[in-house]
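Q:
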Ligand code: DQA
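Residue numbers (the working numbering): 2 to 152.
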């Protein structure tokens, strides 16, 4: 199984940016954690980060036919990028939206996601584990598919 992990704007600043909200670990640390987890679950992960909306949109389009699922942290684009929302709606690959912080416990403008309605669901507030939970959704679904095929 191949999953695409996308990180949006300012997530390259993890570890330096607002550590009281996002923790002390860097994007590299996040990617190392996910790589290790992916290997333990027999999942191939491709991890990309961009501060550019258009770049994220191109990667989402390219994911069609290339990946079995996407786990995306759209950063602040979550709250206003109709273009990212439309990109997610334009592909048949299932997408899960994740957030490190609990967006529902913060400023009002963070409580709305324009992207989540086009996703399988949203996972928010579990630190880096939000990504692990997103990956786990796809792992569990794969395992269920495999066990139905066996019976
Ligand atoms: C974030 C939450 C967003 O509101 C914020 O703009 C981010 C990070 C999170 O992971 O908690 O950049 O997506």
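Don't be surprised by glycine CBs; every beta carbon is placed ideally from N, CA and C.
1) Would you report the Cα separation of residue 137 and residue 50, rounded to the nearest angstrom?
2) Provide the residue span of the alpha helix (DSSP H) that contains residue 144, from first to last.
3) Give the single residue among 84, 88, 105 whose Cα lies nearest to the Cα of residue 71.
4) How should residue 68 be labelled, buried or exposed, when 16 other C-beta atoms within 10 angstroms of its C-beta is the threshold for buried?
5) Taking all protein chains shown into account, do 16 or more other C-beta atoms lie within 10 angstroms of the C-beta of residue 41, making it buried, or fewer, making it exposed?
6) Just mark residue 82 as buried or exposed, buried being the case when its beta carbon has 16 or more other beta carbons within 10 Å.
7) Starting from the N-terminal side, write out each stretch of the alpha helix (DSSP H) that is 4 residues or longer and does not extend beyond the stretch 25 to 54.
8) At what residues does the beta strand (DSSP E) containing residue 22 begin and finish?
9) Helix, strand or coil for residue 104, going by three-state DSSP, please let me know.
10) Among the residues of its own chain, which have a CB less than 6 Å from the CB of residue 140, if the five just before and after it don't count?
11) Taking the straight line between their C-alpha atoms, what separation do you get for residue 85 and residue 106?
12) Do three or more CB pairs link the stretch 24 to 40 to the stretch 52 to 68 at distances below 8 Å?
13) Run through DSSP, which three-state label would residue 9 get?
A: Concretely, from the data shown:
1) Rounded to whole angstroms, the gap between the alpha carbons of residue 137 and residue 50 is 21 Å.
2) For residue 144, the enclosing alpha helix (DSSP H) begins and ends at 130 to 151.
3) Nearest neighbour of residue 71 by Cα position, chosen from 84, 88, 105, turns out to be 88.
4) Burial call: buried.
5) With fewer than 16 Cβ atoms within 10 Å of its Cβ, residue 41 is classed as exposed.
6) With 16 or more other Cβ atoms from the protein chains shown falling within 10 Å of its own Cβ, residue 82 counts as buried.
7) Correct list: 28 to 41.
8) Per DSSP, residue 22 belongs to no beta strand (DSSP E); it is in the alpha helix (DSSP H), 20 to 23.
9) For residue 104, the secondary structure class from DSSP, reduced to helix, strand or coil, is helix.
10) Excluding the 5 residues flanking it on each side, residue 140 has same chain C-beta neighbours closer than 6 Å at 42, in chain order.
11) Taking the straight line from one Cα to the other gives about 23 Å.
12) Result no; under three Cβ-Cβ pairs closer than 8 Å.
13) Under the three-state reduction of DSSP output, residue 9 falls in the coil class, being neither helix nor strand.
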